[in-house]
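See structure below.
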Amino acid sequence: MCYPLALTSMRSISLFFNRFMYFIILLVGVFIPAYSNEHPLELTNEYSVELLTEDEGFVSSEIYSIIQDNQDLLWFGTAENGVMRYDSRKITLFEFDSMNSNGLSHNDAGNLMLDRNGRIWIGTWGGGASLYEPKTGNFQHFINDPLRVDSISSNRIQSLFHDQEGTIWLGSYDHGLNRYLGNNNFEHIEKDDKVESGLSHNRIWDIEDNDKQSLWIATSFGLNLYDKNNKTFSHFFPDPDNPTPTGANEIRSILKTSKNKLYVGTQKGPFTFDKQSGLFTPLKTLDDQYLGQVNSMIEDQEGYLWFVSSKGLFRQSNSGPRIEQFVLDNNNGLRIIFEDSSRTIWVTSETHGIYKIVPHRKFKSINSSALTAPNDITVDANGDLLIVSSSSQLFKWQISSQKLEILSAPIFSNENGYGVNRLLEKPIIFLDDNNILWIAQDDGLAKFNLITKQIDLLKYPKSDPSYNEFRELRALNTDKYGNLWIGTYKNGVYRYDPLTKSFNHLDDSFGLSHPEVLEIFKDNAQNIWVGTGDGVNLWDESNKQFISFKSEHNNKDSLLGTIVQDIHQSKDGEIWIATQKGLNLYLPKTNSFKHFSRKNGLPTSLIRAIEDDNSGHLWLTTNKGISKLNPISGKVTNFDSYNGLLGLNYYANSLVKGGNETLFTSSQRGIEFFNTSAIEANNSEFNIILTGFNKMGHSVKLEKPYSYVTDIELSYIDYFFSFEFSVLDFISPSKNLYAYKLEGYDDNWIDIGNRNVASFTNLDGGSYKFLVKATNSSGKWGEKILSINLYVSPPPWKTWWAYSLYALLTLLVVFIFIYFRTRFQQTEIARQKQFVLALEEQVEEKTASLNAKASDLIAANKQLEVLTYQDGLTGLYNRRYFDKQLTTEINRHYRQQQSLSLILCDIDHFKLFNDLYGHQQGDNCLKRVAECIGTNVARMTDANCRYGGEEFAIILPNTSVEHSTLVAERLCFAIENMKILHEKSKTSNFVTLTIGVVTIPPKQKTSVDAIILSADKALYMGKKNGRNKVVRAD
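Take the sequence shown: its letters are residues 175 to 1208, numbered as in the working numbering.
This is the structure we're talking about:
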C-alpha cells in the first residue's frame, strides 16, 4: 500500500510511541510485582469450542464453503468428497455418480451458494456448476461446451453470487466472469489486454454488490468495480507498485458489513477500502503484527468481524480497530468461517476437522500460570476472591478490576522447613471474623493477617505421641470461642486454642462417626457441623459429644449417602448437605432429611459443593457439570460443556459466592467463575425435519427429499416401518429430547429421550398423522411440530369393495335360501294344510317351551363362564383365567415376535390392615385396588387378574421394557394416591403396592413358570428393599 509522506511519518511516530509504552509497561511489571501480569483470555471466555471430526460422520475436513438452507440444514462443500449435509445427528453425502444423471457433476465441489429462491448452486473444480433443487432432490448441470459460445466459460468455478437484481454470477478459475441468462445460457466477461477498462484478471475469487448498477469483483490482480450499464471495470490495488498478481494485490475475499464498510482479504492480510479515496488500509493485531493470508471473512450477528488467515482465527469489533486472536487447539490450516442462524460459528481446519464455536459463554476462568492446581478459595468481606495455590502462595482476585494480586510468597516452602512433596496435597484456606486467613496443607498450618500481611507458622508439638498423625489436613473453621477446628483425612478433628496455643484431639471417643473429615461448617447459630466419610456430625458443646447423622438402610428419611462433600446454610436458614449419592435438606423438627438426586433431574448423584444466589436458587457443582436447583418448585437446570463449561468435574467444598452475584469454583483445571444473574437458558426454537424412513428394516427413497415429505402411503404388506427425524439445533444435539405420537392410533405423546427414531408394526389400514416435537439444548419444548400424514392401505380382503362384495354374496345366498325354502314350505302347506291347522296350537306351545329352555340354558352357560373366570370379590379375572391366558400370550409372543411383560404386585402389609380394620374393610380395600388397576391398565389386550389373596397379576402383551416400567410406576403412584389409610403400614401412611416387573424380549423363549418366577423374584426384591416401589427382574 502507498501512503502520503505525512501519513507515513505519523505512522512511524505512532509505532515508536507504542513500542516505548510497551517498554515502560514491562519495566513497571518487573519492579512493581504486586499484580499478576496475566489477564483472562477474553475471547476464550466468551465462547465454547468443540471439534467435530470423522467420529461425528464428517468424511472430509478439506472444506471451502458452508451455507445454511431455508430449512436450516448446514451444507459443506469439500475438495474431493462432494457435498456434506448436516442435520445435527448425521451427515448425508452427495457425490458424483456416473450412473445418475441427476446427481452432482463432480466430487471436487468446494464452492456453495444459496440463492434467494432457496436453491443451492455448487461450483466444482472440473465439473462446471451444478444447481440443486432441495424440494425435488434433482441437480441441473452447467458444463463448458467448446462448440457453444453461450455455455459456461470454464469447468472450474471459483465463486458464485446472486445480486440485488436477481442475476446469478459465476466466477471462474481462469476464464473470467459468467452472467447466467437462463436456459443454460451464459454471457462471458473475460480479460482483454487491448481494453484498459476491462477485467484485470481472469481468476475471480469473490463477488459482492456495490449497488444495483455495479459489482465488486475480487481477482488475482486487484479489486474491480464492474459497471453493469457501461460494462466497464475500474481497478483498485492495495499495492499499486507491484505489477504482478501476487501479494496484497491477490484479493481472495470481499466483505461488505452492515455499516456498508468494505473489507478485502489478500495474501498479505485484510484491508479496509475507502470507496471515496480509493485507499486501502491494512489491519493488524494489537502488537502490530500482520494476520497473514486471509482465507475467509464474516461479520457476525453481533457486529464482530472475523478473519480466518494462515496464522489462525481473529476477531475485530465492528466499533473499533481492536483485533485479537481467538486461540484454538490447532491454529494452522484454517480455511473457512461461517455463522449459522443460531449464532454458532463454524471454522474449518484442513487437517483437524471443523470447530464449532458457540458464543455467549457465561462460565469464565482466571488464567494465570501462578494458580497451579490444586487451589482452594474463599471470599473476603468485600466479595473479592482469596486464593491459595498448590505452592501455598496467597492471591486476591479483585472482581471489579479483574486483576490478580499477589498477597504472599509460598508459605510452606523449603526455606520455612517444609518439603516439596506437599505440592500434591490440596491446600485449605479459611477466613475468620478477625481478618485472619488460616491456611493448611498436608501437615503445614499457618495464619495470615490480611491487614498487616504478617504470617505465623503453627507447629504441632513434636512431643505429642500422635505427632506423625497430624497431617493430610482437609478442613478448617473457627467456633464461637475463637478456637480453630482442623479436619484431617485419617485422624478425626483437632481443636486449636490460639490463647493457650494448645491442640485438643476429637476422635471416635467423642462420638465422631468416622476419622475421615472432609468438611467443617459453622451455621448461623454458631453450631459446628463436621462432614466425614460416614455421615455428618453435629457438635454438642454442653455434653462435649458429637451427634451423628448417618445413612441407615432401613430408614428412608436418613442421610442419603455416606461421604459428605460439602455443608451449606442457605440465606433462608436451611442446612444442605452434599454427598456422593445426592443432596440432603436437613429437617430439624424430625432430625431427618429430604433428598434430591437424579430422580429430581440432577445429572448425577455425586454433589461436590453447594452455594445459593440472591434469588434463593441453589447452585451445585458435580462430576458432570453445574446445576441450578429451585428449592421451592424443585426445577433443575443443568449446565455442561455445551453451555460453556470449561470442564465437568470440580473439587469438593469449592464453590463460593463473591461480589456482583459471582460464583467461583475450583477444580483440577484451575479457578473458574460465572455471574448467576447472566445465565439464561437457550429459548430458541428450531425446525424439526424428517431425515430418514425405513420399511422392513431397509431405507426407502421417497418421491421427495425426506425433509420436504408431508405424506407417506404404505401397503398392507409394510407391517414394520420407522421414521427418523432431527431437530436442527446444532448447539448440543445430544441434549435434545424428542416425543412423538401417532394420531389415529394413540393420542398420547410418547417421550423417547434423545433417540430420534420411532417404529411401528402391524397398523390397521386407515389414515394417521405422525407428529414429533423436540426440546432445544436447554430442555425447553418447542412449539414447532413435524407433521407427516400417513395412509396405510388395508389388505384386499378388508377393503370397502371387498366388504360390499361379502354383503352382496351374503344377500344372494340368503335370497336363494329363502326362495327355495319358501317354495318347499308352500308345497308342504298345500298338502298338509289341514294337518298344520290342527296342530298349530300345539306346535306354538312346544316352540315357546323350547325357546324358554334354550334361553335358560344360554343364560346358565354365560353365568357359569363368568363364575369360572371371574374373581367374585374384585371383578377381575381369577387365577384360572390367568393361567390359561398367560399360556396363550406366551404362544403369541413366539409367533408374532413381540415383547411380553408380566407384572406381579402385592399390597404392602395387608395382614396388618386386616388385623386393624377387619376383613370387611380388607375386602373393600381389595375392591378399590382392583378398580384402580382396571383404571390404569385399560388396554383391551391386557389381562388384570387377582393372583390370590392380596396379590394381583397383570399380563401386558406387546409391551416393551420402557412402557411396562411406565405402567408399573403409574400404578404404584396411583394406589398410594388413593390415600386408603393404613396406620399400621411400615412403608407409608396409606395403602401401597410393591411391584415386580419382567419383560421377555422378542425371540427369547420362556415358560409360564419361568416368567412368573422372574416377576416374583423382582417382587421379593422390592419387598426386601423397602416396599412401595417398582423393581424389574431384567
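We put the CB at the ideal spot given by N, CA and C, even for glycine.
DSSP three-state assignment for Phe-1087, whether helix, strand or coil: Translated into positions along the sequence shown, residue 1087 becomes position 913. It is helical.
Reference Thr-1133, options Phe-904, Ser-1075, Thr-764, Arg-1144, closest by Cα: As a first step, residue 1133 is located in the sequence shown; it is residue number 959 there, counting from the start. The shortest C-alpha separation from Thr-1133 is found at Ser-1075.
Endpoints, beta strand (DSSP E) assigned at Arg-929: Here the question's residue 929 lines up with position 755 in the sequence shown. Where Arg-929 is concerned, there is no enclosing beta strand (DSSP E), given that its DSSP letter is neither H nor E.
Nearest to Ala-555 (by Cα), restricted to the options Val-501, Gly-832, Glu-1157, Ser-328: As a first step, residue 555 is located in the sequence shown; it is residue number 381 there, counting from the start. Of the listed residues, the one whose Cα sits closest to Ala-555 is Gly-832.
The segment 938–949 in contact with the segment 976–995 per 3-pair CB rule at 8 Å: no
Integer-rounded CB distance, given that Val-1171 should sit under 8 Å from Arg-1206: If you number the sequence shown from 1, residue 1206 lands on position 1032. If you number the sequence shown from 1, residue 1171 lands on position 997. Indeed they touch by this definition, with Cβ atoms about 5 Å apart.
Straight-line Cα distance separating Leu-911 from Gly-953: Residue mapping note: residue 953 aligns to position 779 of the sequence shown, counting from 1. Residue mapping note: residue 911 aligns to position 737 of the sequence shown, counting from 1. Their Cα atoms are separated by approximately 7 Å.
Three-way DSSP call (helix, strand, coil) for Asn-950 in this model: Here the question's residue 950 lines up with position 776 in the sequence shown. Three-state DSSP puts Asn-950 in coil, outside helix and strand.
Buried or exposed by the 16-neighbour rule on C-beta atoms within 10 Å, applied to Asp-1190: The sequence position of residue 1190 within the sequence shown is 1016, counting from 1. Buried: at least 16 other Cβ atoms inside 10 Å.
Other residues of its chain near His-1156: CB distance less than 6 Å, five sequence neighbours each side excluded: Taking the sequence shown and counting its residues from 1, the one referred to as residue 1156 is at position 982. Closer than 6 Å at Cβ, skipping near neighbours: Phe-1087, Phe-1164, Val-1165.
Cutoff 9 Å: Phe-860 Cβ touching any chain D Cβ: The structure shown has no chain D; it contains just one protein chain.
Simplified DSSP state of Val-562, which is helix, strand or coil: Residue mapping note: residue 562 aligns to position 388 of the sequence shown, counting from 1. Reduced to three states, the DSSP call for Val-562 is strand.
DSSP-derived helix/strand/coil call for Arg-509: For the purposes of this step, residue 509 is identified with residue 335 of the sequence shown, where counting begins at 1. In this structure, Arg-509 counts as strand in the three-state DSSP scheme.
Boundaries of the alpha helix (DSSP H) in which Arg-1102 is found, first to last residue: Indexing the sequence shown from 1 puts residue 1102 at position 928. From DSSP, the alpha helix (DSSP H) with Arg-1102 extends over 1093–1110.
Thr-252 - containing beta strand (DSSP E), residue span: Numbered from its first residue, the sequence shown carries residue 252 at position 78. Note, Thr-252: beta strand (DSSP E), 248–252.
Assigned exposure category for Asp-746 - 16 Cβ within 10 Å defines buried: Here residue 746 is taken as the residue at index 572 of the sequence shown, counted from 1. Under this definition Asp-746 is an exposed residue.
Residues near Tyr-1051 in its chain [Cβ-Cβ closer than 8 Å; skip 5 each side]: In the sequence shown, counting from the first residue as 1, residue 1051 sits at position 877. Cβ within range, chain order: Tyr-1043, Gln-1044, Asp-1045, Gln-1059, Ala-1117, Asn-1118, Cys-1119, Arg-1120.
Residue nearest to Asn-930 in terms of C-alpha spacing, selected from Leu-217, Arg-263, Asp-246, Thr-218: What you label residue 930 is simply residue 756 of the sequence shown in a count that begins at 1. The residue with the shortest Cα to Cα distance from Asn-930 is Arg-263.
The segment 681–695 / the segment 725–733 touching (three or more Cβ pairs under 8 Å): no
Inter-residue CB distance, Trp-520 and Ile-240 (contact presumed, cutoff 8 Å): Position 346 of the sequence shown, counting from 1, holds the residue named residue 520. Position 66 of the sequence shown, counting from 1, holds the residue named residue 240. About 6 Å; that satisfies the 8 Å criterion.
Host beta strand (DSSP E) of Arg-1054 (start-end): As a first step, residue 1054 is located in the sequence shown; it is residue number 880 there, counting from the start. Not the beta strand (DSSP E): Arg-1054 falls in the alpha helix (DSSP H), residues 1053–1070.
9 Å Cβ cutoff met for Gly-311 and Asn-285: As a working mapping, residue 311 is identified with position 137 in the sequence shown. As a working mapping, residue 285 is identified with position 111 in the sequence shown. Not in contact: Gly-311 and Asn-285 (Cβ atoms no closer than 9 Å).
Leu-761 to Ala-752 span [Cα, whole Å]: Sequence index remark: in the sequence shown, residue 761 carries index 587 (1-based). Sequence index remark: in the sequence shown, residue 752 carries index 578 (1-based). Their Cα atoms are separated by approximately 15 Å.
Distance between beta carbons of Thr-706 and Asn-734, contact taken as under 8 Å: Along the sequence shown, read from residue 1 onward, the residue named residue 734 stands at position 560. Along the sequence shown, read from residue 1 onward, the residue named residue 706 stands at position 532. With the sequence shown as reference, residue 734 is identified as Leu, and Asn is not the correct amino acid for it. Actually they do not touch by this definition, with Cβ atoms about 15 Å apart.
Backbone CA spacing between Asn-211 and Thr-546 [nearest angstrom]: What you label residue 211 is simply residue 37 of the sequence shown in a count that begins at 1. What you label residue 546 is simply residue 372 of the sequence shown in a count that begins at 1. Low confidence applies to Asn-211: its pLDDT is 36, below 50, so where it sits in the model is not reliable, and the reading given next is rough at best. One C-alpha to the other measures close to 15 Å.
With 16 other Cβ atoms within 10 Å as the buried cut-off, status of Tyr-655: Here residue 655 refers to the residue found at position 481 when the sequence shown is read from its first residue. Under this definition Tyr-655 is an exposed residue.
For Glu-917, the residue or residues it bridges with in DSSP: As a working note, residue 917 is residue 743 in the sequence shown. Partner(s): Lys-943.
Cβ-based neighbour list, Leu-776, same chain, cut-off 8 Å, excluding 5 preceding and 5 following: Start at 1 with the first residue of the sequence shown, and residue 776 comes out as number 602. Hits under 8 Å: Gly-756, Leu-757, Phe-770, Leu-794, Thr-796, Ser-801, Leu-803, Val-810, Asn-812.
Per DSSP, cross-strand counterpart(s) of Ile-1128: Position 954 of the sequence shown, counted from the first residue, corresponds to residue 1128. Ile-1128 is bridged to Ile-1077, Asn-1118.
For Tyr-668, the first and last residue of its enclosing alpha helix (DSSP H): Looking up residue 668 in the sequence shown gives position 494. Taken as a continuous stretch (DSSP letters only), Tyr-668 belongs to no alpha helix (DSSP H), being part of the beta strand (DSSP E) at 667–671.
Separation of Phe-454 from Cys-176, as counted between CA atoms: Looking up residue 176 in the sequence shown gives position 2. Looking up residue 454 in the sequence shown gives position 280. Here the model assigns Cys-176 a pLDDT of 35, short of 50, so the residue's position is not dependable, and the following value carries that caveat. If you take the alpha carbons of Cys-176 and Phe-454, they lie about 9 Å apart.
For Pro-456: DSSP bridge partner residues: Here the question's residue 456 lines up with position 282 in the sequence shown. DSSP lists Phe-445 as partners of Pro-456.
Which residues DSSP lists as bridging Ser-933, in chain order: Taking the sequence shown and counting its residues from 1, one reaches residue 933 at position 759. DSSP lists Ser-896 as partners of Ser-933.
Where Arg-772 falls, given that 16 or more other Cβ within 10 Å makes a residue buried: Sequence index remark: in the sequence shown, residue 772 carries index 598 (1-based). So Arg-772 counts as exposed.
Run of the beta strand (DSSP E) containing Thr-1139, from where it starts to where it stops: Counted from its first residue, the sequence shown places residue 1139 at position 965. First-last for Thr-1139: 1135–1151, but that is the alpha helix (DSSP H), not the beta strand (DSSP E).
Bridge partners - Asp-401, DSSP secondary structure assignment: Within the sequence shown, numbered from 1, the residue matching residue 401 stands at position 227. Beta-bridge pairing links Asp-401 to Ser-388, Thr-406.
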